[in-house]
Amino acid sequence: MENQNENATHEAYSDESHYNSPKYASIGIVSLEKKISNKLKNKIQQILNESKVKEIKWKNIRSARERLCAQKIIDYLFEIIPYEEFRIDIIIWDVKERKTRFLEDDILILKKKYYHLFKNVFKKRWSNNIKWELFPDEHGALDWEESKRILDNEASTIKIKQKDGEIIFDLIKHFHIVQIKEVNSQNTPLCQIADLFAGMGAYSYLKKNLFNLSPKQRDLSGNKISLSGGDKEKINVLRYFKIRCEEKNLSIHLKKGLTTLNPSDKINFWFFKFNEYDKNQNLSKWF
């Protein structure tokens with residue numbers, strides 16, 4: 004989908020992680036000025052090539068090679084944070100709570116969370132006069148082709164049917180998205196960054212009990228707790244990320260899972276709490 008009458012000024016790359024998990028799921032969006040896009044893509048691709056990593060994805064961090072590659076990318080992102088107009092925003096939610104209280108399926112929940120994240124990022128973290136190109140991972144769970152067909156037909160809404168009516172997902176009016184183009188994440192470094200941070204966010208809640216384990220710690224039965232190679236490498240990435248956040252004075256905490264206290268920070272982990280929205284009856288149709 005492309006609106007030929009409007010030129011995008013900014014780009015956003017999205018991917019989801021663990022959306023069908025029984026516990027925690029997340030979506031990541033990398034948003035930035037269009038004019039710096041190629042510079043960031045080229046640098047991240049250079050890091051991948053030098054690390055001999057074809058594609059950096061959170062689930063694939065199982066060895067020192069992928070861990071070191073992720074750490075180099077983190078270093079680069081922290082290097083440019085003070086100077087470049089870009090953000091990384093991640094929404095994380097408790098899948099079980101949502102399903103139990105609202106009896107919704109995974110895809111409907113995912114669509115709603117995309118709406119929350121779009122609204123938070125495009126409306127609150129950037130100015131209103133921005134026009135966006137959106138690049139979701141083509142292997143994600145949502146049917147972005149449906150979205151494009153609707154917009155190509157000059158409609159401005161995506162309707163999600165549910166028992167108590169319709170949810171209106173108004174891309175153009177609310178978010179000024181002038182183009183949606185699905186991409187192959189393997190060829191799109193910024194989509195890989197969205198996956199990396201989305202995976203990091205969900206994992207930090209899913210495995211929060213492992214983060215502070217000592218090498219000799221034992222379970223309640225007295226057995227030594229052993230971690231898989233993948234868990235060891237992922238936890239090392241999380242620890243490294245925490246250190247870099249502290250060095251840059253970002254308000255990101257990891258005690259109970261990644262959380263950003265100041266959402267204006269350029270790396271923002273947002274744990275979505277349903278109770279906060281239940282209090283507002285005017286928003287009930289979204290939740």
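Residues 4 to 290 (the numbering used here) are what the sequence shown spells out, left to right.
Backbone N, C-alpha and C fix where the C-beta goes; we use that ideal spot for every residue, glycine too.
Notebook entry, point to check: Can you give the Cα-Cα distance for Pro79 and Lys115, rounded to whole angstroms?
Noted result: Going by the sequence as given, residue 79 is Tyr instead of Pro. Rounded to whole angstroms, Tyr79 to Lys115 spans 32 angstroms at the Cα level.
- Task: Check the Cβ-Cβ distances between Leu209 and every residue of chain C, and say whether any is below 8 angstroms.
- Result: This model lacks chain C altogether, as it is built from one protein chain only.
Q. Out of Lys75, Ile95, Phe89, which has the shortest C-alpha to C-alpha gap to Leu261?
A. Ile95
inquiry  = Measuring only the C-alpha atoms, how far is Phe138 from Gln195?
reply    = 11 angstroms
Would you please state the rounded distance, in angstroms, between the beta carbons of Ala197 and Val56? I believe it to be under 8 angstroms. So it is not a contact: roughly 16 angstroms between Cβ atoms.
### Query
Does the Cβ of Ser207 have 16 or more other Cβ atoms within 10 Å, making it buried, or fewer, making it exposed?
buried
#### Entry: Sequence ranges, alpha helix (DSSP H) only - wholly within the region 17 to 75, length at least 4
40 to 54
### Task
Report the partner residues of Trp147 according to the DSSP bridge assignment.
According to DSSP, which records beta bridges pairwise, Trp147 is partnered with nothing at all.
Exercise for review: Please work out which residues of its chain come closer than 7 angstroms, Cβ to Cβ, to Trp147, disregarding the five sequence neighbours upstream and downstream, and give them in chain order.
Suggested key: Pro139, Ile183, Glu185
task: Starting from Pro139, follow the beta strand (DSSP E) in both directions and report where the run begins and ends.
output: 135 to 139
- Query: Once you ignore the five residues that flank Lys282 on each side, which residues in its own chain have a CB closer than 8 angstroms to its CB?
  - Reply: Since pLDDT at Lys282 reaches only 42, below the 50 mark, its modelled position is unreliable, and the value read off the structure follows with that caveat. Counting only Cβ-Cβ distances below 8 angstroms, and skipping sequence neighbours, we find nothing.
task = Report the three-state DSSP secondary structure of Ile246 (helix, strand or coil).
result = When DSSP states are grouped into helix, strand and coil, Ile246 belongs to the helix group.
- Query: Quick one, which of Leu213, Glu250, Gln48, Trp273 has its alpha-carbon nearest Asn190's?
  - Reply: Gln48
Distance, Arg70 Cα to Asn239 Cα = 8 angstroms
**OP:** Output yes or no for whether 8 angstroms exceeds the beta carbon distance between Thr12 and Lys126.
**Re:** no
**Study point:** Candidates Leu43, Ile110, Lys62, Leu264, of which the one nearest Phe81 by Cα
**Key:** Leu43
message = With H, G and I counted as helix, E and B as strand and the rest as coil, what does DSSP make of Glu82?
response = helix
Could you tell me the distance, in whole angstroms, from the CA atom of Arg242 to the CA atom of Ile270? 16 angstroms
*Spatially closest choice to Phe121 from Gly233, Ile30, Leu253, Phe214, by CA coordinates*: Ile30
Quiz item: Three-state secondary structure (DSSP) at Ala11?
Solution: Coil.
Within 10 angstroms of its Cβ, does Leu264 collect 16 or more other Cβ (buried), or is it exposed?
exposed
* Buried or exposed: where does Ala158 fall if 16 or more other Cβ atoms within 10 Å of its Cβ makes it buried? -> Legend: pLDDT at Ala158 = 39, less than 50; position of this residue unreliable, value from coordinates given subsequently. Answer is exposed; the Cβ neighbour count stays below 16.
Alpha carbon to alpha carbon, what distance is there between Leu257 and Ile91?
-> 17 angstroms
Would you call Gly204 buried or exposed, if buried means 16 or more other Cβ atoms sit within 10 Å of its Cβ? Residue environment analysis places Gly204 among the buried positions, since at least 16 neighbouring C-beta atoms fall within 10 angstroms of its C-beta.
Am I right that Lys211 and Lys259 are in contact with their C-beta atoms under 8 angstroms? What's the rounded C-beta distance?
Their Cβ separation, rounded to whole angstroms, is 6 angstroms, which keeps Lys211 and Lys259 in contact under 8 angstroms.
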